Each structure stands twice: as structure tokens, then as C-alpha cells.
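The structure appears right after this line, and notes come after that.
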Ligand code: ATP
Ligand code: MN
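In this note's numbering, the protein residues as written are 10 to 474.
In C-alpha cells:
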């Protein structure tokens, strides 16, 4: 007999299926005993809902029933019946139960409901078994799929950029070194430094902080490309919005200017949020009930509202005039903190905001310089609850200007010669952006801490699981 998943069963069953024999497999969430029957709530991870199994105590071996406790894994052969209970349409009358694995009640950490998210982080190997992490991980999957679908449907090509990189020019953050040298006894150069020419790649290498520079190489050949992969930042920022290992989506488009770039970012985010509303409603309703009573309304707000677009300079004026007491004071030239970004989005405009034309000194060397020589054609998309969710820009396509920026920012041309060559041979205007995948998932799931939207979070002092 073929096993049916609970998601398929609940979606596809009709009145004709009542009375049919079925086989379910999954994990016991709860078990409740009444006089002659045991009620088992079974979940198989395919959907947030459990299905109730009704087992007649007379039909089953007492020893078997004793082992059917929270967390244990079973196969159930039985008949599908309409459920008299509220809030469930079907249940299953068990004819035969096979036990795969016990789950001793005295040691199973998820024996009881209602554990704190902090506690669950300490048992990241088991937390996917909870309703919350089931919902978050299914939504995460749906968003990853929607991202590929969005780009594929629009003729973008998925470009795999390297994880190990020999360039540290992106300047997006501190990097993790990749090396096979003996840390206790590394080869040294004459002046006493580590001799990386003897290392695996013959030079210093690190984990990538962004696939952008390589994505540009792809865009300047294939037209429209995107990367979607892990990125690594060795910053010691212990915030609810930063991970040391996170996933980033980076589209890069030839012949786009900054306005095209913003249009794409806005359309892309709206598409993803709408996709979640259309395809993950069960999980979203659960998340709303548990974590954020306004969740679905907030998601609809993204789709409905036109994002407010203004310059960094205008935003700083608004913040200065706000009369708001910020932890970090604002003035022209400072990098905005998430408290400033959230004020603009949540208090002032009450809708997502796209800020443009940032001071050149707080942005990367590759961003296109404006006429004023003070600001660059950067754009950040700011979301409620999150602050910055996307950072992007039009890229400098002019060779001389780009070389000048490298010099000013102390980036040796020999480190980025391959990047500069794209401006030497057939350069074109182009633009792109980076969306932090976990920040998107934070927003969509209504969770508050980024550690709770990735299966195995990597943060300072934490890489156990
Ligand atoms: P922030 O100012 O919030 O630290 P950033 O400006 O350093 O971010 P970018 O280099 O612009 O980030 O990266 C592009 C996107 O990647 C950001 O808009 C954000 O969504 C996401 N992101 C950046 N750093 C992290 C991180 N440490 N953990 C998770 N997501 C991140
Ligand atoms: Mn940024």
C-alpha cells in the first residue's frame, strides 16, 4: 500500500474517499487517552495540520500503545472517516500500527508544548519538529522556489558565483579566511608575515561576502542574471537581523539604470509576498496566531502600497525634524541605523520606502557617481519591522571614474583587474541589488529574530548544529 502524505490527504480527499483504506506515516505530536480509545495527533511535516488517529484499545497490543508517545514515529494503516470533532474534516480509524522509533517521555525535549524560541535554539537539531519551525521552513522553501520562478519567467539566468573568493574588494564586511596551512606552524615570508603563496590556492582566500562582482561579469555577457547562494560576514554584530552565514539573492542587469533597478526590486518583493499569501496561507495563519496579530494585514500592505521613493538627503531632513530621540544621532553623512529606517517606514510614511543617492563615503567603490560628486546612485529598500531588506545601485560603467574611485578608497587595481576589464571591453550601463533572504523570511513569517528563520543559524560563538 502506498503511503499518503497528510497534505495531499487534506487537499485532495472528497466524499468518495470516506471509508477507504489508507496508510499514513509520521511523528506523534500528542496522545490522549479516553475510556476505550487512544487519540493520536499525527504530523508528517507536509502541512501544519495534524490528523487525528483513533485507536481502539481492544484492537491493539497494550505494549505497543504504551510506546506511542509524543515524538515517536509510526506507520498507521486505517480507514478514512469524517471527523465529528471541530476544526478537522477527517480522521483515521486505525487497523494496524507499526512503531518505527520510540521517544522516551522522560528525555524527549519537546515533550511539552510552549517552549521559548531561545530554548528551541539550543535544540536546533530537533526544533524542525515543532509547529513553528515546520511553518517557517515550509514558507522558506516556498520563497526560494518563488525566487527562481520569478527570474526564470522573466528570462534571467541563474549564475553560480564562487563561495571561495580571492578578492576582498566588495568591502561589505569582515571575511572568514579559507586556508589549509598549519595554523601552528605556517610558512613565513622574509618580513615575518604568513606566506600565502604556499597556501592551497597560492594566495589569500576567503569566504565570499557577496556574489555581486562576479554577477556583473555574467550580466555583461548574458544580459540579466541572478545569484542565490550563501554569503559570510565575520562581523561581531549580535543583532536580531544579522547572521554570520546568510543567503543572498543578487540580480544584476545590463542596460538598467537606477530607476529600472528600483522598479525591479519593488515588483520582485511584491511578487514574493503575494506568492506567500497565495501558497502558504495555512502556515501564515498559524504564524499570525502565534507571533504577530497583524501579519497578514502587513503582508497585504506591501502588495497594495506603492513604495515611497526619496533621496537620502531628504530622509535625513525628515529625521532631523522628527523630534524623535534616536540612540544614534542623525546628520548628513552618517550611515542610517535600523531605528532611523524603521522610523521613516513605520511612523512617517507608513509604507515601504526606497532611499536613493547616498553619500559616496558610506557606499562601495563600484556605485555610479552622481553629477554632484558627493552622492552615488545607490538605493536601499526599507521595510516595516526590518529596516534595510535590499541594498543596490547603478554601477559605475566608466573606466576612468571607476579607477579614480579605487584609488580614493585604497583598492589596489591589481586586486580587481578582472572586474575593471569589463569597463575596458564593451562596457554598458548596468545595475543590480542584493536581497537578504533571511530578512525576507523574517518579514513574511512575522518572526522577530533572524536565528529563527534559518534551520541552523551561524552567529558569533554558535556553530554546534
Ligand atoms: P546592514 O546595514 O543591515 O548590516 P548591509 O548594508 O551591510 O546591511 P549589504 O552589504 O547591502 O548589507 O547586503 C545586502 C542585503 O543583505 C541587505 O540589504 C540585507 O538584507 C542582507 N544582509 C546584510 N548583512 C546581513 C547579515 N549579516 N545577516 C543577514 N542578512 C544580511
Ligand atoms: Mn546595504
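Glycine included, every Cβ here is placed at the ideal spot set by N, Cα and C.
Every value quoted in this text rests on a predicted model; they were computed, and no experiment measured them.
Distance check between residue 353 and each of 342, 325 and 338 places 325 closest, using alpha-carbon atoms only. Counted as a single uninterrupted DSSP element, the alpha helix (DSSP H) harbouring residue 228 occupies residues 221 to 231.
Annotation: residue 450 to residue 156 spans about 12 Å, alpha carbon to alpha carbon. When secondary structure is reduced to three states using DSSP, residue 124 falls in the coil class, being assigned neither helix nor strand.
Annotation: residue 153 to residue 136 spans about 21 Å, alpha carbon to alpha carbon.
Short note on residue 287: C-beta not closer than 7 Å to any heavy atom of ligand 2. In the three-state scheme derived from DSSP, where H, G and I count as helix and E and B as strand, residue 280 is classed as helix.
Listed in chain order, the non-local C-beta contacts of residue 291 below 6 Å within the same chain comprise 57, local neighbours out to five positions each way being set aside. Proximity of the beta carbon of residue 219 to ligand 1 is indicated: a heavy atom of the ligand is located closer than 7 Å. Secondary structure note for residue 385: its beta strand (DSSP E) is the uninterrupted segment 384 to 392.
Under the three-state reduction of DSSP output, residue 88 falls in the strand class. When only Cα atoms are considered, residue 426 and residue 415 end up about 11 Å apart.
Residue 406 places its beta carbon 8 Å or farther from that of residue 384. Per the Cβ contact rule, the segment 247 to 262 is in contact with the segment 462 to 470 (3 or more Cβ pairs under 8 Å). Of the residues 470, 441, 392 and 60, the one whose Cα lies closest to the Cα of residue 356 is 392. Between the C-alpha atoms of residue 447 and residue 205 there is a straight-line separation of about 34 Å.
Taking a cut-off of 8 Å on C-beta distances, the segment 341 to 352 does not touch the segment 292 to 312, as fewer than three cross pairs fall below it.
For residue 25, the three-state secondary structure derived from DSSP is helix. Taking a cut-off of 8 Å on C-beta distances, the segment 71 to 89 touches the segment 13 to 31, as three or more cross pairs fall below it.
A Cβ-Cβ distance of about 12 Å is found for the pair residue 401 and residue 445, leaving them out of contact under the 8 Å criterion. The set of residues with a C-beta under 6 Å from any non-hydrogen atom of ligand 2 comprises 389, 397 and 400, given in chain order. Considering only 107, 369 and 85, the residue with the shortest C-alpha distance to residue 101 is 85. The closest heavy atom of ligand 1 lies 7 Å or more from the beta carbon of residue 391. Annotated three-state conformation of residue 239 is strand, per DSSP. Following the DSSP letters along the chain, one finds residue 169 in no beta strand (DSSP E), marked with neither H nor E. Within the chosen limit of 7 Å, ligand 1 reaches the beta carbon of residue 255 through at least one heavy atom.
Secondary-structure assignment with DSSP links residue 49 through a beta bridge to 40 and 62.
Residue 460 is positioned such that its CB atom lies no closer than 8 Å to that of residue 186. Our two residues, residue 128 and residue 378, have alpha carbons roughly 48 Å apart in a direct line. Sorting 456, 51, 307 and 232 by C-alpha distance to the C-alpha of residue 167 places 232 at the top. In this chain, the alpha helix (DSSP H) harbouring residue 431 covers 426 to 433. Per DSSP, residue 292 is one residue of the alpha helix (DSSP H) stretching across 290 to 299.
Within 7 Å of the C-beta of residue 459 there is at least one heavy atom belonging to ligand 1. Taking all protein chains shown into account, residue 193 has fewer than 16 neighbouring C-beta atoms within 10 Å of its C-beta and is therefore exposed.
A straight line joining the alpha-carbon of residue 421 with that of residue 408 spans about 15 Å.
Judged by their CB atoms, residue 227 and residue 259 are not nearer to each other than the 8 Å cut-off.
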